[in-house]
Amino acid sequence: MGRSRSDLVVFIAKRLAQLVPVLLGVIVITFFFTHIAVSNPCAIWSGPKASPSTIAACVKNNHFNDSLPVQFYYYLAGLVSGNWGTDPLFHSPVLSVLLTDFPATLELVLAATFLMVFIGIPLGVVAAASNGRIADHLVRIFYLSGWATPTYIAGVVLAIGLGPLLGVSGGDFSTTSSPVPAITHMSVLDAIIALNPGATVDAIVHLILPAVALAFINMGIATRMTRTSMLEILPLEFVKTARMKGLGEFWVLYKHALRNALITTTTVLGVTAGTMVSGTVVIESVFVWPGLGRYAYEAITEYDFAGTIGVVIFFAIVVVAANLIADILYGVLDPRVEWR
Amino acid sequence: MGETGCGKSTLGHSIPRLLPEPPAKVTSGKIVFQGTDLLKIPKWRMPGVRGTGIGMIFQEPINSLNPAYRVGDQIAESVRIRKLRERGIMPALKPDVKGFDYSKRELPKASEVVTGPFIPPNVTQTLKTRGPPMTKEIHQEVLDFLRLVRINDPERIVNLFPHELSGGMRQRIMIAMALSGKPALLIADEPTSALDVTIQAQVLTLMKELMEEVRTSIMFISHDLGVIAEMADDVGVMYAGHMVEFGPVAEIFESPRHPYTKALLRSIPNRYKDEGVLPSLSGSVPNLSKLPVGCTFNPRCPLARDVCRVKPGPPFALLPPGPAGGMHRTACFFPDEVPSMP
Ligand SMILES: Nc1ncnc2c1ncn2[C@@H]1O[C@H](COP(=O)(O)OP(=O)(O)O)[C@@H](O)[C@H]1O
Ligand code: SF4
Ligand SMILES: [Mg+2]
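Chains G and R are the protein sequences, given in the same order.
In terms of our numbering, the first sequence opens at residue 242 and continues consecutively.
In terms of our numbering, the second sequence opens at residue 3 and continues consecutively.
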């Protein structure tokens, strides 16, 4: 064990190998929950006016007459060969829908993470630096209110209250009418790639409120963790050393103290990934954002088993990836850590 | 010098205004550095005094280096700050020429050393060019400063992180870092107290050699009288947060003029003579937040009498010049009785 590049590669490979049992567990749980809760959704799928033969065909196609383990075998076999099932209404393949919707969610989550990192963390530094004084109390009020506000309320308030101010009409925050070619399916990135400043601004305007709503809860965690670890770091001798070099307070706080405080903050940021993706289900529905979260909501309400399990697999991958990134960052930030 | 807890570190930290304000507050007096009263300048200008004006070495080498950066980069940062100041790119507090009159300085010995920032003998002289300093030039200086503190393989050491170094090595790095700002005043707050005894001796020898090589005033804080006797030109003795005696090292050690100093010196064992039980001072150091009225030493002083127990206490008064010459001050009403003190 050490800190060489090959140690890091082994570390990442090991963590990716752990992904397999995690995904298997997630698939088993979601599969059996959905299929036990509603053992034969064919009547619902086919609608009230469907003929018995349509329903019978549906049951046969989906193996609903077989035992659960056999159904699971069929599902798993499809999954491995790239056939993740189809949705019951339009019979579009789940995997390709997921792949086109995923970038929008990724964009939203990345934007929210960006806000957490570039607003939440500096707020924590400000709070720690003014420990016990007014700025500290103001920051605390801010993050406690974020914490205490349910995601959907924050979403609705922002969508209705601020949406019109930004010129977003009808509560639809997706930029479907975007004039730039969809390369990455992330609106801001696509607009930047197309070198179109107007479209970039427009995309950011559309992105900002959903991102703020999503970031609002987790921002508090980032701020509070940063504040706590900064309060532990600031009394240490090397902070005085940094001051005695003649550095200004800004560099002392951000280059020397925060750099060490971040080591604890990153681990917490990895943990918030779960809250974040589950938040997208609510936020994307409120803001009509064309991503996985909204797809998850629709899939569940439509008894779309294949869609539901597919979304859960994607979410699980995102959470594991976020934690892996947090662990790597942790090791990169702290030279005392060895990859293992 | 002074016992642990008498306020040596507090005094040392208050000079570059490192104490957290609040709770710390300087209630009276001045901190005059190169003609400027540091208490009168706004706090945000203090960084301009630190590093290149006043450098500092701390007691605990375990925490005094940033664990997240390579030691070479940490020293380079100091060098860069100095270079940016030399080139006028970063603000620095200039000596106040009017207030900084060498001829009127109170400490004649020190005035010989503070005539200018020092140039370490083996540091490559670089041409003063305009614009930000180049990385190579800084790197070269970092290596030079590491060699100055007797590190033989600086090329390897610069790439290490603090946790990969021993306590003694870290303290050497700290010394190199403080010196790399070429400060006019270096405050060393018990730089060896936290080290193993053998390492302690090595670092002390290094400091002593550096004092000869490097033209910087050094304020060496220690509770170890033996170390002070070896290192110092002038000695200040502290008791209960106050300086009670100040004078040339020979006078302080041979004819102390404050009862506390005398008692302190008696507690050093004489290694050539069996003295049986060492005398110790009766009573204990007072709580610094509830100091006795009048002279702070009066509850423990064998010479104490009524004037010592009322306000105001003894002034920190100048004594007539002694055989060693130089200034000798003491905060006692009866300095002449100290030599014959029981
Ligand atoms: N001048 C002073 N006024 C008030 N309190 C002081 C003063 N000097 C020291 N103290 C208190 O005494 C404590 C010990 O002082 P310190 O400077 O750490 O002692 P030393 O370094 O000599 O061991 C400090 O925590 C501080 O609160
Ligand atoms: S002033 Fe009085 S109490 Fe204080 S040291 Fe002198 S004799 Fe002792
Ligand atoms: Mg101390």
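Ideal Cβ positions, reconstructed from N, Cα and C, are used throughout, including at glycine.
Limits of the alpha helix (DSSP H) - the one that His-276 (chain G) falls within: In this chain, the alpha helix (DSSP H) harbouring His-276 (chain G) covers 246-278.
Contact the stretch 528-547 of chain G vs the stretch 459-479 of chain G: 3+ CB pairs below 8 Å: no
Which residues DSSP lists as bridging Arg-331 (chain R), in chain order: R:Phe-248 and R:Leu-320
Interface flag, Pro-122 (chain R) vs chain G, CB-CB below 8 Å: For Pro-122 (chain R), the predicted model reports a pLDDT of 44, less than 50, meaning its position is unreliable; a value from the coordinates is still stated below. Chain G contact via Cβ: absent.
C-alpha gap between Ser-350 (chain G) and Leu-455 (chain G), whole angstroms: Per the sequence shown, residue 350 (chain G) should be read as Val rather than Ser. Roughly 8 Å between the two C-alpha positions.
Asp-2 (chain R) CB to nearest heavy atom of ligand 3 below 7 Å: Absent from the model: residue 2 (chain R). The displayed extent of chain R is 3 to 344, so no value can be given.
Cβ pair Ala-557 (chain G), Leu-264 (chain G) closer than 8 Å: For Ala-557 (chain G) and Leu-264 (chain G), yes; Cβs fall inside 8 Å.
heavy atom of ligand 3 below 7 Å from Ser-11 (chain R) C-beta: yes
When R:Pro-304, R:Gly-170, R:Pro-301 and R:Val-312 are compared against Ile-59 (chain R), the one with the closest alpha-carbon: R:Gly-170
CB contact flag (Ala-333 (chain R), His-244 (chain R), <8 Å): Going by C-beta atoms, Ala-333 (chain R) is nearer than 8 Å to His-244 (chain R).
C-alpha gap between Val-509 (chain G) and Glu-139 (chain R), whole angstroms: Take the alpha-carbon of Val-509 (chain G) and the one of Glu-139 (chain R): they are about 41 Å apart.
Cβ shell of Arg-244 (chain G) (< 8 Å), same chain only, five flanking positions each side left out: Gly-572, Pro-576, Val-578, Glu-579 and Trp-580
In DSSP terms, what Ala-190 (chain R) is bridged to: According to DSSP, Ala-190 (chain R) bridges with R:Ile-59 and R:Phe-222.
Ser-224 (chain R) to Asp-236 (chain R) span [Cα, whole Å]: 13 Å
Whole-angstrom distance between His-15 (chain R) and His-426 (chain G), CA atom to CA atom: 57 Å
Residue nearest to Ala-400 (chain G) in terms of C-alpha spacing, selected from G:Glu-525, G:Gln-259, G:Ile-296 and G:Ala-368: G:Glu-525
Min CB distance Met-58 (chain R) to chain G below 8 Å: yes
Start and end residues, beta strand (DSSP E) containing Val-239 (chain R): 236-241
Within chain R, partners of Arg-246 (chain G) - CB distance below 7 Å: The premise fails here: Arg-246 (chain G) is roughly 16 Å from chain R at the closest Cβ pair, so nothing lies under 7 Å.
heavy atom of ligand 3 below 7 Å from Glu-192 (chain R) C-beta: yes
Nearest candidate by alpha-carbon position, reference Leu-320 (chain R), set R:Met-329, R:Arg-72 and R:Lys-313: Considering only alpha carbons, the answer is R:Met-329.
Any non-hydrogen atom of ligand 3 closer than 7 Å to Gln-61 (chain R) Cβ: Correct: Gln-61 (chain R) has its Cβ closer than 7 Å to ligand 3.
Short-range partners of chain R found in the stretch 472-502 of chain G, where Cβ spacing is below 8 Å: Leu-477, Glu-478, Phe-479, Lys-481, Thr-482, Ala-483, Arg-484, Met-485, Lys-486, Gly-487, Leu-488, Gly-489, Glu-490, His-497, Arg-500 and Asn-501
For Val-518 (chain G) and Val-560 (chain G), believed in contact at Cβ under 8 Å, the rounded distance: About 6 Å separates the two Cβ atoms, so the contact holds.
Reduced DSSP secondary structure (H/G/I, E/B, other) of Thr-6 (chain R): coil
Closer than 7 Å: Thr-6 (chain R) CB and nearest ligand 1 heavy atom: Proximity of the beta carbon of Thr-6 (chain R) to ligand 1 is indicated: a heavy atom of the ligand is located closer than 7 Å.
Inter-stretch contact at 8 Å, needing at least 3 Cβ pairs: the stretch 36-52 of chain R / the stretch 480-493 of chain G: yes
Whole-angstrom distance between Val-366 (chain G) and Leu-499 (chain G), CA atom to CA atom: 7 Å
Close Cβ partners of Glu-192 (chain R) (< 8 Å) along its chain, the five nearest in sequence each way excluded: Lys-10, Ser-11, Gln-61, Ile-223, Ser-224 and His-225
Nearest-angstrom beta carbon gap, Pro-69 (chain R) and Ala-196 (chain R) [assumed within contact, 8 Å]: Rounded, the Cβ-Cβ distance is 17 Å, inconsistent with contact.
Beta-carbon separation (whole angstroms), Val-311 (chain G) vs Asn-281 (chain G), contact threshold 8 Å: Not quite, the Cβ-Cβ distance comes to about 15 Å (not below 8 Å), so this is no contact.
Three CB pairs or more closer than 8 Å across the stretch 70-85 of chain R and the stretch 159-169 of chain R: yes
Where the alpha helix (DSSP H) containing Gln-312 (chain G) begins and where it ends: 309-321
Counted within 10 angstroms of its Cβ, other Cβ atoms place Ser-428 (chain G) as buried (16 or more) or exposed: buried
Where the stretch 160-185 of chain R meets chain G: residues whose CB sits under 7 Å from a CB there: Phe-163, His-165 and Gly-183
Status (buried if at least 16 other CB within 10 Å, exposed otherwise) for Val-279 (chain G): exposed
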